[in-house]
Amino acid sequence: MKIGINQFCFPSGTEVEEALGRAKKMGYDTFEVCLTAGNRITGFSSGVTDALDISGYYNPFCNTESTEQDFMILKKKAQDTGIRIGSVGGIVSFSIYPLSAVEEKTAVKSMDAVKKMVDAARIVGADTVLVIPGMLTEDMEYRETYERVQQRVAALAEYAGDINIAIENVWNNFLYSPLELCRFVDEIGRNNVGVYFDIANARRFGYPEQWIRTLSFRIKGIHVKDYRVAVDNIHGFTNILDGDVNYRKVMEALGMIGYDGQFTVELIPPAHHLVDQTLAYARRVCTDLINLRMEV
Numbered sequence: 016m017k018i019g020i021n022q023f024c025f026p027s028g029t030e031v032e033e034a035l036g037r038a039k040k041m042g043y044d045t046f047e048v049c050l051t052a053g054n055r056i057t058g059f060s061s062g063v064t065d066a067l068d069i070s071g072y073y074n075p076f077c078n079t080e081s082t083e084q085d086f087m088i089l090k091k092k093a094q095d096t097g098i099r100i101g102s103v104g105g106i107v108s109f110s111i112y113p114l115s116a117v118e119e120k121t122a123v124k125s126m127d128a129v130k131k132m133v134d135a136a137r138i139v140g141a142d143t144v145l146v147i148p149g150m151l152t153e154d155m156e157y158r159e160t161y162e163r164v165q166q167r168v169a170a171l172a173e174y175a176g177d178i179n180i181a182i183e184n185v186w187n188n189f190l191y192s193p194l195e196l197c198r199f200v201d202e203i204g205r206n207n208v209g210v211y212f213d214i215a216n217a218r219r220f221g222y223p224e225q226w227i228r229t230l231s232f233r234i235k236g237i238h239v240k241d242y243r244v245a246v247d248n249i250h251g252f253t254n255i256l257d258g259d260v261n262y263r264k265v266m267e268a269l270g271m272i273g274y275d276g277q278f279t280v281e282l283i284p285p286a287h288h289l290v291d292q293t294l295a296y297a298r299r300v301c302t303d304l305i306n307l308r309m310e311v
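Counting in the working numbering, the final residue of the sequence shown is number 311, and the numbers go up one at a time with none missing.
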């Protein structure tokens, strides 16, 4: 497995080129670049993004207004640094333009944003795009939302071609069971649609190792962090091994399904003090976990 790092691990004021260089210096194999909102809505915030301290990000080379030339510049910066961009993530389809939106105008913007992520992935050489399937609100019907999002993901998968569309399990009142997430993916019936499994996001609702065995071959990418169950809210995320995830069982499960893809650190909220020391520690722990998997 290749150990990656998500762009949101660095404080929002960190330039992309700087983040790439620091990640390379810390020994990370891959970098997950995040598509952000464009100039016109820079500074967007919501309760969730504010709590996670990721509202202030703006990526000048990968945003909703970016051009092919911008993506080429990003590719060159990564090549010059010597680190591969393995995937494209972001929260645009979650809290900015939800993919689940009933309003057609919002839905179009969400679809366009994901297509922009696919365009970026193809140019920079990434193989996976992380897609958050919007959110379920009180005024929505569950079944209708499920079917609406499925149709949109299917259309995005057709657009993506050889790029993976990986649905992330997040706290969005939607797809909270591994069996349901399997069904959601399988019913779409496309080889390039799978799951971007966030280990800590799953811990609040169950046991990640069970999710992994259930999702199995559908997993296209993994986010690595930890979670303290006693906190029971969005402030419970921690660095790896500081929470309640049983990482020995997680690694056993990953070995059982034969997962060998990216193992991407996503520590949010990002550290603001001793940032490189925090992220270098996460890198070392991931190495130990991968070695543990080899042993079990």
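From the three backbone atoms N, C-alpha and C, an ideal C-beta is built for every residue, glycine too. From a predicted model like this one, the values you see are computed outputs, not experimental measurements.
Three-way DSSP call (helix, strand, coil) for residue i in this model
{"i": "residue 64", "result": "helix"}
{"i": "residue 110", "result": "helix"}
{"i": "residue 124", "result": "helix"}
{"i": "residue 47", "result": "strand"}
{"i": "residue 316", "result": "Limits of the chain in this structure are 16 at one end and 311 at the other, which puts residue 316 out of reach."}
{"i": "residue 234", "result": "strand"}
{"i": "residue 189", "result": "coil"}
{"i": "residue 253", "result": "strand"}
{"i": "residue 204", "result": "coil"}
{"i": "residue 273", "result": "coil"}
{"i": "residue 36", "result": "helix"}
Close-in-space but distant-in-sequence residues of the same chain around residue i (CB under 7 Å, 5 per side omitted)
{"i": "residue 271", "result": "228"}
{"i": "residue 217", "result": "184, 223 and 226"}
{"i": "residue 57", "result": "Summary for residue 57: the model assigns pLDDT 48, below 50, so the residue's position carries little reliability; its value from the coordinates is reported in the next sentence. Answer for residue 57: 73, listed in chain order."}
{"i": "residue 113", "result": "121, 125, 149 and 150"}
{"i": "residue 263", "result": "307"}
{"i": "residue 164", "result": "114, 115, 148 and 149"}
Beta-bridge pairing of residue i - partner residues as DSSP gives them
{"i": "residue 181", "result": "145 and 209"}
{"i": "residue 239", "result": "280"}
{"i": "residue 88", "result": "Answer is none; residue 88 lacks a bridge partner."}
Contacts around residue i, its chain only, beta-carbon distance under 6 Å, and the 5 residues preceding and following it disregarded
{"i": "residue 307", "result": "266"}
{"i": "residue 188", "result": "151"}
{"i": "residue 286", "result": "293"}
{"i": "residue 233", "result": "200, 209 and 210"}
Proximity of residue i and residue j at Cβ, strictly below 8 Å
{"i": "residue 235", "j": "residue 215", "result": "no"}
{"i": "residue 257", "j": "residue 244", "result": "no"}
{"i": "residue 128", "j": "residue 178", "result": "no"}
{"i": "residue 53", "j": "residue 80", "result": "yes"}
{"i": "residue 123", "j": "residue 132", "result": "no"}
{"i": "residue 269", "j": "residue 230", "result": "no"}
{"i": "residue 51", "j": "residue 105", "result": "yes"}
{"i": "residue 21", "j": "residue 280", "result": "yes"}
Pick from the options that is closest to residue i, judged by C-alpha positions
{"i": "residue 101", "options": "108, 261 and 35", "result": "35"}
{"i": "residue 92", "options": "83, 41, 76 and 104", "result": "76"}
{"i": "residue 96", "options": "246, 42 and 82", "result": "42"}
{"i": "residue 16", "options": "284, 275 and 299", "result": "275"}
{"i": "residue 174", "options": "191, 205 and 156", "result": "205"}
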